[in-house]
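Enquirer:
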Amino acid sequence: MKKSTRHSKITGDFAEALILYWLSKHGYECACVDHTGIDLIARDPASQKVMGISVKSRSRYDGTEKMSVNLPPDGFEKARRACDAFGCVPYYAIVVDGGEVIRGFLVSLIRLLEVAGGNQNGMRYWLMADRNMAAYQTDPLVQQFELHTAACSWRDKIEVRETARK
Numbered sequence: 019m020k021k022s023t024r025h026s027k028i029t030g031d032f033a034e035a036l037i038l039y040w041l042s043k044h045g046y047e048c049a050c051v052d053h054t055g056i057d058l059i060a061r062d063p064a065s066q067k068v069m070g071i072s073v074k075s076r077s078r079y080d081g082t083e084k085m086s087v088n089l090p091p092d093g094f095e096k097a098r099r100a101c102d103a104f105g106c107v108p109y110y111a112i113v114v115d116g117g118e119v120i121r122g123f124l125v126s127l128i129r130l131l132e133v134a135g136g137n138q139n140g141m142r143y144w145l146m147a148d149r150n151m152a153a154y155q156t157d158p159l160v161q162q163f164e165l166h167t168a169a170c171s172w173r174d175k176i177e178v179r180e181t182a183r184k
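Using my numbering, the first residue of the sequence shown is number 19, and each one after it goes up by one.
(1) Between Glu-34, Pro-90, Cys-106 and Arg-78, which has its C-alpha nearest Met-69's C-alpha?
(2) Kindly indicate which residue of Val-119, Gly-116, Trp-144 and Arg-121 has the alpha-carbon position closest to the one of Arg-129.
(3) Enumerate in chain order the residues of its own chain whose CB-to-CB distance from Thr-29 is below 6 angstroms, with the five nearest sequence positions on each side excluded.
(4) Is Met-146 buried or exposed, if buried means 16 or more other CB atoms sit within 10 Å of its CB?
(5) What is the C-beta distance between Ala-153 and Leu-127, in whole angstroms, given that I count them as a contact (C-beta under 8 angstroms)?
(6) Please classify Gly-81: is it buried, with 16 or more other beta-carbons within 10 angstroms of its beta-carbon, or exposed?
(7) Is it right to say Ala-103 is buried, meaning 16 or more other beta carbons lie within 10 angstroms of its own, or is it exposed?
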């Protein structure tokens with residue numbers, strides 16, 4: 019499947035909206051922000067903690083779903099600075115669309131740096147292998163969800179209708 023030339027931008031916008039939706043659905047007061055380092059601000063309904071969330075997303079081709087999400091170190095510092103300015107705790111949300119599932123993760127920056135692979139002061143990697151998925155599932159500090167998609171034939175039906183009109 020060939021993706022559109024704007025698919026990376028669309029994926030990022032979708033991921034931000036999806037995380038915002040998921041937080042709102044679970045009682046968080048939240049909003050999109052246009053600020054270097056963070057994309058969303060949310061207040062946890064249980065603890066009243068205010069989170070500054072940097073959203074990272076990837077759209078994977080079939081067979082590449084287990085590739086890690088690369089997290090450059092400059093993003094961590096940008097998130098920290100933005101959160102200092104707004105008096106919130108830095109968090110990362112990671113959304114990966116791959117195969118027939120969209121996975122979303124929400125984790126504090128502190129916990130992310132503890133569990134992500136890579137170098138302490140260099141590139142970090144949110145690992146997506148089966149063993150990592152199992153570890154995230156049992157980690158109480160990693161919130162996550164999965165949306166399962168099903169194959170549809172909307173495109174095929176459009177092509178059939180257009181052919182029938184000719």
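Glycine included, C-beta positions come from ideal geometry on N, C-alpha and C.
Expert: Taking the structure as given:
(1) Taking the sequence shown and counting its residues from 1, one reaches residue 69 at position 51. Closest by alpha carbon: Cys-106.
(2) In the sequence shown, residue 129 corresponds to position 111, counting from 1. Ranked by Cα distance from Arg-129, the options Val-119, Gly-116, Trp-144 and Arg-121 are led by Trp-144.
(3) Taking the first residue of the sequence shown as position 1, residue 29 is located at position 11. Excluding positions up to five away in sequence, the list reads Ser-75 and Ser-77.
(4) For the purposes of this step, residue 146 is taken as residue 128 along the sequence shown, with counting starting at 1. When all chains shown are included, Met-146 counts as buried.
(5) Indexing the sequence shown from 1 puts residue 153 at position 135. Indexing the sequence shown from 1 puts residue 127 at position 109. At roughly 18 angstroms, the Cβ-Cβ gap does not stay under 8 angstroms, so Ala-153 and Leu-127 are not in contact.
(6) Position 63 of the sequence shown holds residue 81. With fewer than 16 other Cβ atoms within 10 Å, it is exposed.
(7) Sequence index remark: in the sequence shown, residue 103 carries index 85 (1-based). With fewer than 16 other beta carbons inside 10 angstroms of its own, Ala-103 counts as exposed.
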